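Numbering (the working numbering), first residue to last: 1114 to 1427.
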Ligand code: NAP
């Protein structure tokens, strides 16, 4: 069957491309459905300084291009088309993307997650130019600078604490007057002398010549607005895992793929890797690690269980 692959990988961020490097090097016929916007969240990042092997850092899009070239070098077939649906009830699995249907003995779901953005004027065009969703990735660019963080959950507290180590001033802006973050995270943020809080407030607009220079803050109770100077804005209002198209795959209550043993999903032969199941680390290097692990598990499954066990939906 021409369209039959040993492994179809859905997603082309660090998890998906790393998985494809491993599967192709194990001589498994591999298709990567990369999506029309391939490369995942790193395509929106500028300098990546925490991916090992690049002493001076590397631009996010360059890192992804390198990973893609490496996957192609080893024989991965990569198509820049969007996954639209999958039938995981029969073997081989049927995967629909664009106009075509592909068959797969095993599938790795590595479709990632997208940061939830504020969706206010001036935000989109300044992502990577002062607007960020990852303090661990970008805090070093804000040494001795004045930054805002938006959100009231654990991520916002964590981002504030990371930024407080390098920034001059950190203001956490939250739309309500109480946080949903855990007590311990709130307390850590409150105990940090560099972090101040602005409650009942939202960012209504982000301004600046190219980069972020100021933000219009609106009081969510009075409607009053004020424009304040700022160098960086970190949006920490949650992530949206890209799972809405996966019918029959168990998700947790927040919509992330529910992982069983050895990066398996609830469906035998369907694995998962990266931010689509991981809400804790969300780093390129951890996603790449999950991709390698899922690929190794898929390879094992194909050679042992997948060859012998009748397909069933658990
Ligand atoms: P979250 O818990 O869903 O919190 C999102 C925050 O963003 C909320 O405070 C929410 O406000 C606010 N928000 C949502 N949409 C907004 C908008 N359009 N404008 C302004 N504010 C908005 O998300 P998270 O903080 O990313 O955490 C996700 C999960 O990961 C949680 O289970 C968390 O405990 C976990 N986590 C744990 C740690 C840790 O333990 N170290 C670190 C990070 C994440 P409201 O409160 O008003 O809804």
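Cβ atoms here follow ideal geometry from the backbone N, Cα and C, with glycine treated the same way. Keep in mind it's a predicted model, so treat the numbers as computed, not measured.
- Residue environment analysis places residue 1165 among the exposed positions, since fewer than 16 neighbouring C-beta atoms fall within 10 angstroms of its C-beta.
- With respect to residue 1128, residue 1387 sits close: the two C-beta atoms are nearer than 7 Å.
- Relative to the Cα of residue 1288, the nearest Cα in the group 1304, 1348 and 1402 belongs to 1348.
- For residue 1340, the enclosing beta strand (DSSP E) covers residues 1338 to 1342.
- By the Cβ criterion, the segment 1191 to 1207 is not in contact with the segment 1290 to 1302, since fewer than three pairs of Cβ atoms, one from each stretch, lie closer than 8 Å.
- Taking a cut-off of 5 Å from the heavy atoms of the ligand NAP, the residues with a C-beta inside it are 1264, 1265, 1266, 1267, 1268, 1271, 1288, 1289, 1293, 1350, 1351 and 1392.
- In this structure the segment 1139 to 1150 does not lie against the segment 1158 to 1174, because fewer than three pairs of beta carbons, one per stretch, are closer than 8 Å.
- By the criterion of at least three beta-carbon pairs nearer than 8 Å, the segment 1369 to 1387 is not in contact with the segment 1230 to 1250.
- Between the segment 1300 to 1308 and the segment 1215 to 1225, the count of C-beta pairs closer than 8 Å stays below three; the two stretches do not touch.
- Of the residues 1200, 1138, 1251 and 1147, the one whose Cα lies closest to the Cα of residue 1173 is 1251.
- Counting along the chain, residue 1179 sits inside the alpha helix (DSSP H) bounded by residues 1173 to 1186.
- For residue 1119, the enclosing beta strand (DSSP E) begins and ends at 1117 to 1123.
- Take the alpha-carbon of residue 1359 and the one of residue 1197: they are about 9 Å apart.
- In this structure, residue 1313 sits away from residue 1281, with a CB-CB distance that is not shorter than 7 Å.
- Listed in chain order, the non-local C-beta contacts of residue 1119 below 8 Å within the same chain comprise 1136, 1141, 1142, 1143, 1217, 1218, 1219 and 1415, local neighbours out to five positions each way being set aside.
- No Cβ-Cβ contact shorter than 7 Å links residue 1368 with residue 1385.
- When rounded, the separation of the alpha-carbon atoms in residue 1194 and residue 1124 is 10 Å.
- Secondary-structure assignment with DSSP links residue 1318 through a beta bridge to 1329.
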